[in-house]
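When we follow our numbering, the leftmost residue of the sequence shown carries the number 36, and every step to the right adds one. For every residue, glycine included, the Cβ atom is placed at its ideal position computed from N, Cα and C. A quick write-up on the structure given underneath.
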Amino acid sequence: MEHVSVRVAVLLLIGVLITGLTLFAPEAGSAVVGAATVVTLLAELTARK
Numbered sequence: 036m037e038h039v040s041v042r043v044a045v046l047l048l049i050g051v052l053i054t055g056l057t058l059f060a061p062e063a064g065s066a067v068v069g070a071a072t073v074v075t076l077l078a079e080l081t082a083r084k
């Protein structure tokens with residue numbers, strides 16, 4: 036497999052796991068989604084020059 040397709044497969048797997056976590060434990064799922072949003076935003080802001 037190419038690196039891009041492996042990356043997509045890993046992201047899809049993580050998405051499925053987070054969705055399952057959100058369905059069974061809404062508080063934990065919301066915390067994970069919120070943390071991922073903050074990390075993504077910080078990564079985008081620090082990458083720009």
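Separation of the CB atoms of V67 and L56 is rounded to 6 Å, and the pair is thereby assigned contact status at 8 Å.
Between the beta-carbon of G64 and that of I53 there is about 6 Å, and that keeps the pair under the 8 Å contact cut.
Between the C-alpha atoms of V73 and A44 there is a straight-line separation of about 23 Å.
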